[in-house]
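Heads up: the sequence shown begins at 547 in the working numbering, then just goes up one per residue.
Step one of this worksheet: look at the structure below.
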Amino acid sequence: MQTSEKAHDVLVIGGGNAALCAAISARRAGASVLVLEGAPKFYRGGNTRHTRNMRCAHDAATETLSGPYSEEEFFDDLLRVTQGQTDEDLARFMIGQSKEILAWIPQQGVRFQPSLGGTLSLGRTNSFFLGGGRSMLNALYLTAEKLGVDIRYDAEVTDLDIEDGMFLSATVKNGGGPEFIRAKTMVAAAGGFEANIEWLKQYWGPPAENFLIRGTPYNRGTVLKTLIERGVQEIGDPTQCHAVAIDARAPKFDGGIITRLDCVVFGIVVNKNCERFYDEGEDIWPKRYAIWGRLVAGQPDQIAYIIFDARSLNLFMPSCFPPIAAQNIRELAGKLALDPDALEKTIATFNAAVRPGTFDDKILDDCRTEGISPAKSHWARRIEVPPFYAYPVRPGITFTYLGTRVDRDARMLMQDGKPAANMFAAGEIMAGNVLGRGYAAGIGMTIGSVFGRIAGREAAKSARN
547 MQTSEKAHDV
557 LVIGGGNAAL
567 CAAISARRAG
577 ASVLVLEGAP
587 KFYRGGNTRH
597 TRNMRCAHDA
607 ATETLSGPYS
617 EEEFFDDLLR
627 VTQGQTDEDL
637 ARFMIGQSKE
647 ILAWIPQQGV
657 RFQPSLGGTL
667 SLGRTNSFFL
677 GGGRSMLNAL
687 YLTAEKLGVD
697 IRYDAEVTDL
707 DIEDGMFLSA
717 TVKNGGGPEF
727 IRAKTMVAAA
737 GGFEANIEWL
747 KQYWGPPAEN
757 FLIRGTPYNR
767 GTVLKTLIER
777 GVQEIGDPTQ
787 CHAVAIDARA
797 PKFDGGIITR
807 LDCVVFGIVV
817 NKNCERFYDE
827 GEDIWPKRYA
837 IWGRLVAGQP
847 DQIAYIIFDA
857 RSLNLFMPSC
867 FPPIAAQNIR
877 ELAGKLALDP
887 DALEKTIATF
897 NAAVRPGTFD
907 DKILDDCRTE
917 GISPAKSHWA
927 RRIEVPPFYA
937 YPVRPGITFT
947 YLGTRVDRDA
957 RMLMQDGKPA
967 ANMFAAGEIM
977 AGNVLGRGYA
987 AGIGMTIGSV
997 FGRIAGREAA
1007 KSARN
């Protein structure tokens, strides 16, 4: 066992957006910084590699945003998706701080592009990264390296030495045996435990075996579990997570954004028994897409099928896999291994319930159903124009909400309620403070950027003291 010779001011555990924002912020505040990324360099960055945008409050239109998005509207959107399960003080603080992030992130080399249109409906609220998440991540790494941040890859943290709320050292696995890494302060930004199937099964049971993990296989929650075991206060429901319906043909890990499906609002969703189970048109897609993973998780064998017709084929961003096509519903059922009589009956019942309206995928239109349960509140059109299409979907887990409780300084709180002496957290490992349930597009990157910046700054200040 060896001890690293150099003790840094700030140790950042993790390698995604939150970690890099913390590292850059701490370095700009004059601290020496070491980043430990548990993944190989190619897979660095956790879920940031697969993101596209972030949601920030702003008072006026910009070159890349089509209009204002007030702090109150942002908070109202958050309240609706979380159903009130959020730390209001911390959430409002984060939203206020997000205004500064819109300018701060570009100062770190990240570039925005005009928002996409269509069903995303995010042109006013969300800023899209030019080149996507990987380009955003590469820009942050480049800035960190230029500033003199030390970065190590394949540096899996297996234990933490913590005494009375004070971080002393991290144990890192390497080829020559365990290594102790010392630092004056520590920022935990190592994500959740979504890639740890056995841990997921503790709360979800056998259905977790059918979950697909949208991001890295390296987010196994080791740092999170160790912090809780060492006396850090936990927050969040371990069964709550950011989970979307993704193409069932996606790989077990790391399928990313290209396996997500945005076509639910244009058709119906049935389970393996050909039964609909939720309102596909409840609200605009960015405010509802993240509920569908949990909905599918609750269905038999954790599988469902999005069914739509030729009129909707070009209205959404498709998966990287082509839809399954057929000239009639019975043929489509056969290709999906579903009961053709049951699928025909479900679609006929749905079609009969559709009421006339003016279809408009940009607003909450008046196309709806009557007399069936569940209803379809908006964008309801008869499924009748061949060819007919289907996508099989499974729950795609992005990140879990069980995390460490923090204050406005991103400082972790211990189980006795006292602030940790020198430990901070940012990103998905503390997202449960804001996200008790549900999700709104781009808010994960907001949490990471806001609290990453704060954690780095406060860790540097703590190191000086």
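Using N, Cα and C, we set each Cβ at its ideal position, and we do this for glycine too.
Owing to the predicted nature of the structure, the values given are computational and were not obtained by experimental measurement.
C-alpha of Glu617 to C-alpha of Thr892: approximately 43 Å in a straight line. For the 8 Å CB-CB criterion, Phe739 and Pro763 do not form a contact. Assignment of Pro660 by DSSP, reduced to helix, strand and coil, places it in the coil class. Per DSSP, reduced to three states, the secondary structure at Met682 is helical. By the neighbour-count criterion, in which a residue is buried when 16 or more other Cβ atoms sit within 10 angstroms of its Cβ, Ala898 is exposed. Residue pairing by DSSP places Tyr615 opposite His604 in a beta bridge.
As a beta-bridge residue in DSSP terms, His788 pairs with Phe945. Contact check between the region 667-675 and the region 723-730: fewer than three CB pairs, one atom from each, fall below 8 Å, which does not count as touching. With respect to the C-alpha of Ala553, the residue from Asp710, Asp696 and Lys645 having the closest C-alpha is Asp696. Within the same chain, Cβ atoms closer than 8 Å to the Cβ of Thr904 are found at Asp911, Asp912 and Cys913, the five residues on either side in sequence being excluded.
Across the structure, Lys881 and Tyr937 are spaced so that their CA atoms are roughly 11 Å apart. In this structure, Arg598 keeps its C-beta atom at 8 Å or more from the C-beta atom of Gly694.
Assigned with DSSP and collapsed to three states, His554 falls in strand. For Ile814 and Arg806, the gap between their C-alpha atoms comes out near 16 Å. In the three-state reduction of the DSSP assignment, Met863 falls in the coil class. Around the beta-carbon of Glu974, 16 or more other beta-carbon atoms lie within 10 Å, marking it buried. The secondary-structure analysis by DSSP pairs Pro965 across a beta bridge with Leu959.
Rounded to the nearest whole angstrom, the C-alpha separation of Asp825 and Pro933 is 24 Å. Taking every protein chain shown into account, the CB of Ile909 has fewer than 16 other CB atoms within 10 angstroms, so this residue is exposed. Of the residues Thr915, Ala971 and Pro868, the one whose Cα lies closest to the Cα of Ile993 is Ala971.
DSSP places Ile647 in the uninterrupted alpha helix (DSSP H) bounded by Glu634 to Gln653. Here Ile559 is bridged, per DSSP, to Leu582 and Ala734.
Contact check for Ala1006 against Ala575 passes: the beta carbons are separated by less than 8 Å. Annotation: the region 717-771 contains the following complete segments of the beta strand (DSSP E) (minimum length 3 residues), in chain order: 725-734. Fewer than three Cβ pairs drawn from the region 716-727 and the region 626-633 lie within less than 8 Å of each other, which leaves the two stretches out of contact. Per DSSP, the continuous beta strand (DSSP E) segment holding Asn672 begins and ends at Asn672 to Phe675. With the rule of 3 Cβ pairs closer than 8 Å, the region 696-713 counts as touching the region 578-585. Residue environment for Val627: buried (at least 16 other C-beta atoms within 10 angstroms of its C-beta). Counting only unbroken stretches of 4 or more residues, the alpha helix (DSSP H) elements lying wholly within the region 767-841 are 768-775, in sequence order. In the DSSP assignment, the residues bridged to Asn599 are Phe674. Under the three-state reduction of DSSP, Asp855 is assigned to strand. Counting C-beta atoms within 10 angstroms of its own C-beta, Asn1011 has fewer than 16 neighbours from the protein chains shown and is therefore classed as exposed.
In the displayed model, Pro886 falls within a helix according to three-state DSSP. Separation of the CB atoms of Glu780 and Gly982 is rounded to 13 Å, and the pair is thereby denied contact status at 8 Å. One Cα belongs to Arg822, the other to Lys833, and the distance between them is close to 20 Å.
Non-local beta-carbon contacts of Met960 in its own chain, meaning distances under 7 Å to residues more than five positions away in sequence, involve Gly711, Gly777, Val778, Gln779 and Ala966 in chain order.
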